[in-house]
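Visitor: Quick note: the sequence shown uses numbering that gives the first Met the number 0, first residue 0, plus one each step.
Glycine included, every Cβ here is placed at the ideal spot set by N, Cα and C.
Structure provided below as structure tokens; questions to follow.
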Amino acid sequence: MTVSEACERSDQVAEAYRHCERVVREEARNFSYGIRLMAPPKRRAMSAIYAFARGIDDIGDGPEPACVRLDLLDRSRQRLLTVQKAVRQQADVRALEGHPVLTALADAASRYPIPLEAFGELIDGCEADVRGADYDTFDDLLRYCQRVAGTVGRLSLGVFGSAGRQRAEGLADSLGVALQLTNILRDLREDRLAGRVYLPKEDLVRFGCTLELDESGVFIDPPWRLAELIGFQAERARAWYAEGLRLLPLLDRRSAACTAAMAGIYRRLLETIAEHPSIALNGRVSLPTWQKALVAARALSGVER
């Protein structure tokens, strides 16, 4: 490789990372508070992971017909194979279709032991979404959560590094489940309007709920029953947080701060929903910017653990 070619490659990679960081700032704001606490090289690698994962998630939630989304997810799977091949062969970034996310992800995976194959599980989970999967039991939902959220935790560990990798992966899986359970409660009405129900049928039966909507998009179940259902799901999520946060002592300071910030924001979101179920039933819940920034600052100082 000539000097000019090396400079061109370096410029392409730098611009690719900048693109991924913009994606995280603009489209994954809750996670961005944690990622920005990382040292620059790891922050860039984490941004590449989240940008690729976000692209997969956006396809799954997109407005296109199911057949189109399934085709797009298959393309994502093929692009993942392209990245894996580029990493194995140390290929020039120009072989990556001029795609900034692929370029950044390939560069990150050449620097850190990122288990790229885990993205395949995320794609599997999104395909199940598109096909309209039902969840009869919590075990069914758990497998879905591990696919779409636990995998991102394991991918992140490739960048973080950890003491006791096998144990750390199990705990990262648990934390991913906690985050996804929180997402499900946050997006309860939005998902229902889109025809998706993630809460297990056995829990709906237990609390006498249907999650049916009237013509104006309002849940027809008695509010007190819905509140009990949400309270039960929130308590379940708390248990997964308690397990997953045991990961923090296995990480270095910056990685622990990143993880604590992301988990802290979602835990506060969960508590807001648990305390005021009607908010989640009438719209999508979010935390104010100042509160997210406070959680991130506390995580960096070691308080948010």
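1) T181 lies in the alpha helix (DSSP H); which residues open and close that run?
2) By DSSP, does V294 sit in helix, in strand, or in coil?
3) Roughly how far, in whole angstroms, is the beta-carbon of C208 from the beta-carbon of L228, given that I think they are within contact range, below 8 Å?
4) Work out the CA separation of Q179 and A117 for me, nearest whole Å.
5) On the three-state DSSP scale, how would you describe T288?
6) Which class does L104 belong to by DSSP, given the choice of helix, strand or coil?
7) What are the boundary residues of the alpha helix (DSSP H) that S277 is part of?
8) Let me know the secondary structure DSSP gives L212 once reduced to three states.
9) Could you pull out every residue in the same chain whose Cβ sits closer than 6 Å to the Cβ of F20, ignoring the five residues on either side in sequence?
10) To the nearest angstrom, how far is the alpha carbon of A15 from that of R205?
11) Less than 8 Å between the C-beta atoms of L225 and F218, yes or no?
12) Who does F218 pair with in a DSSP beta bridge?
13) So, for V12: in the same chain, excluding its five sequence neighbours on each side, which residues have a beta-carbon less than 8 Å away from its beta-carbon?
14) Determine the extent of the alpha helix (DSSP H) in which R205 is found, giving its start and end residues.
15) Do L249 and A162 have their C-beta atoms closer together than 8 Å?
16) Taking the straight line between their C-alpha atoms, what separation do you get for T81 and V151?
17) In this structure, does DSSP put V12 in helix, strand or coil?
18) Report back the beta-carbon spacing between R146 and L121 to the nearest angstrom; my notes put them in contact at under 8 Å.
19) Excluding five sequence neighbours on each side, which residues of the same chain lie with their C-beta closer than 6 Å to the C-beta of K200?
20) Flag this pair as touching only if the segment 280-299 and the segment 182-196 have three or more C-beta atom pairs under 8 Å; answer yes or no.
21) Where does S161 fall in DSSP's three states?
22) What number of angstroms, rounded off, separates the C-alpha of Q89 from the C-alpha of Q165?
23) I'd like the list of long-range same chain contacts for G216, defined as Cβ closer than 7 Å, with 5 residues on each side in sequence excluded.
24) Going by CA-CA distance only, name the one from A177, F137 and R68 that's closest to G131.
25) Closest by CA to R253, which one among C144, S155 and R76?
26) Going by DSSP in three states, Y134 sits in which element: helix, strand or coil?
27) So Y49 is in the alpha helix (DSSP H); what residue range does that whole segment cover?
28) Tell me whether D220 is buried or exposed, calling it buried when 16 or more other Cβ atoms sit within 10 Å of its Cβ.
29) CA-CA distance, Y197 and S9?
Guide: Per the coordinate set shown:
1) For this step, residue 181 is matched to residue 182 along the sequence shown. Where T181 is concerned, the enclosing alpha helix (DSSP H) stretches over R164 to R185.
2) If you number the sequence shown from 1, residue 294 lands on position 295. Reduced to three states, the DSSP call for V294 is helix.
3) The residue labelled residue 208 in the question sits at position 209 within the sequence shown. The residue labelled residue 228 in the question sits at position 229 within the sequence shown. Confirmed, Cβ separation roughly 5 Å.
4) What you label residue 117 is simply residue 118 of the sequence shown in a count that begins at 1. What you label residue 179 is simply residue 180 of the sequence shown in a count that begins at 1. One C-alpha to the other measures close to 17 Å.
5) Sequence index remark: in the sequence shown, residue 288 carries index 289 (1-based). Residue state, collapsed to three classes: helix.
6) Locating residue 104 in the sequence shown gives position 105, counting from the first residue. Note: L104 maps to helix in three-state DSSP.
7) The residue given as residue 277 occupies position 278 in the sequence shown. From DSSP, the alpha helix (DSSP H) with S277 extends over P276 to N281.
8) As a position in the sequence shown, residue 212 is number 213, starting the count at 1. If DSSP states are grouped into helix, strand and coil, L212 belongs with the strands.
9) For the purposes of this step, residue 20 is identified with residue 21 of the sequence shown, where counting begins at 1. Rather than Phe, the amino acid found at residue 20 in this sequence is Glu. Contacts found: S46.
10) Taking the sequence shown and counting its residues from 1, the one referred to as residue 15 is at position 16. Taking the sequence shown and counting its residues from 1, the one referred to as residue 205 is at position 206. Rounded to whole angstroms, A15 to R205 spans 49 Å at the Cα level.
11) The residue you call residue 225 lines up with position 226 of the sequence shown. The residue you call residue 218 lines up with position 219 of the sequence shown. Yes, they are a contact pair.
12) Residue mapping note: residue 218 aligns to position 219 of the sequence shown, counting from 1. In the DSSP output, where bridge partners are listed per residue, F218 has L212.
13) Along the sequence shown, one-based indexing puts residue 12 at 13. The residues are V92, T102, A103 and D106.
14) Working through the sequence shown from its first residue, we reach residue 205 at position 206. Looking at the DSSP string, the run of the alpha helix (DSSP H) that includes R205 is K200 to R205.
15) Translated into the one-based positions of the sequence shown, residue 249 becomes position 250. Translated into the one-based positions of the sequence shown, residue 162 becomes position 163. It is a contact, given that the beta carbons lie within the stated cut-off.
16) Taking the sequence shown and counting its residues from 1, one reaches residue 81 at position 82. Taking the sequence shown and counting its residues from 1, one reaches residue 151 at position 152. Going by the C-alpha atoms only, they are around 19 Å apart.
17) Indexing the sequence shown from 1 puts residue 12 at position 13. Three-state result, V12: helix.
18) Stepping through the sequence shown from its first residue, residue 146 is reached at position 147. Stepping through the sequence shown from its first residue, residue 121 is reached at position 122. Indeed, because the Cβ distance is near 6 Å, the residues count as touching under 8 Å.
19) Residue mapping note: residue 200 aligns to position 201 of the sequence shown, counting from 1. Here the set comprises D135.
20) yes
21) Stepping through the sequence shown from its first residue, residue 161 is reached at position 162. It is coil, neither helix nor strand.
22) By one-based count along the sequence shown, residue 89 stands at place 90. By one-based count along the sequence shown, residue 165 stands at place 166. Roughly 28 Å between the two C-alpha positions.
23) On the sequence shown, residue 216 is found 217 positions in, with the first residue counted as 1. Around G216: L192.
24) In the sequence shown, residue 131 corresponds to position 132, counting from 1. Checked all of A177, F137 and R68; the closest Cα to G131 is R68.
25) Start at 1 with the first residue of the sequence shown, and residue 253 comes out as number 254. Residue S155 is the option with its Cα nearest to R253.
26) What you label residue 134 is simply residue 135 of the sequence shown in a count that begins at 1. Residue state, collapsed to three classes: coil.
27) On the sequence shown, position 50 is the one that residue 49 refers to. That run of the alpha helix (DSSP H) goes P39 to G59.
28) Taking the sequence shown and counting its residues from 1, one reaches residue 220 at position 221. Buried, because 16 or more other Cβ atoms sit within 10 Å of the Cβ of D220.
29) Locating residue 197 in the sequence shown gives position 198, where the first residue counts as 1. Locating residue 9 in the sequence shown gives position 10, where the first residue counts as 1. If I take the Cα positions, the gap works out to 43 Å.
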